[in-house]
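Residues in the sequence shown are numbered from 75 upward in steps of one, following this note's numbering. Here a beta-carbon is modelled for each residue, glycine too, at the ideal position from N, C-alpha and C. Computed from a predicted model, the values in this text were never measured in an experiment. Please read the structure below before turning to the comments.
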Amino acid sequence: MWHLYIIRCSDASLYTGITTDIERRLNEHVGQGKLCAKYLRGKDPLELVFTAEAGTRSEASQLEARVKRLAKADKERIVSGQKNLADVDVR
């Protein structure tokens, strides 16, 4: 099962990614090693603020792309529970 996750960085930006193992992936990001996303380097502390099941790899990748296109305000609504992932525009 694939998962979509959102991490809040120290500069209040939100990073969206997908993984099959959220704990492992968060540890890779926090560890700042070669498996850490370049965007997250130097932006610690990192806080995992949202996770959701996303189905297959293909479905997770499509959902990730849609979420990444959202405005920050819409991502904040997802994190706070005011907006459902099912409501994310497919365009």
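**OP:** Helix, strand or coil for Leu100, going by three-state DSSP, please let me know.
**Re:** Helix.
**OP:** With DSSP as the reference, please indicate the residues paired to Tyr79 in a beta bridge.
**Re:** Gly91, Thr125
**OP:** Measure the Cβ-Cβ separation of Ile92 and Ala134 and say whether it is below 7 Å.
**Re:** Taking the C-beta atoms as reference points, Ala134 is found nearer than 7 Å to Ile92.
Subject >> Buried versus exposed call for Leu78 [16 or more other C-beta atoms within 10 Å across all chains shown] >> reply: buried
Original post:
What's the C-alpha gap between Val162 and Lys108?
Top reply: 32 Å
Original post:
Which residues in the same chain as Lys142 place their Cβ atom closer than 8 Å to its Cβ, once the five residues preceding and following it in sequence are excluded?
Top reply: If we look at Lys142 and ignore the five residues flanking it on each side, its Cβ neighbours are Thr90.
Original post:
Taking the continuous alpha helix (DSSP H) assigned at Ala147, which residues delimit it?
Top reply: 146-154
**OP:** Tell whether a beta-carbon distance below 7 Å holds between Val104 and Leu122.
**Re:** Result no, Cβ atoms of Val104 and Leu122 do not sit closer than 7 Å.
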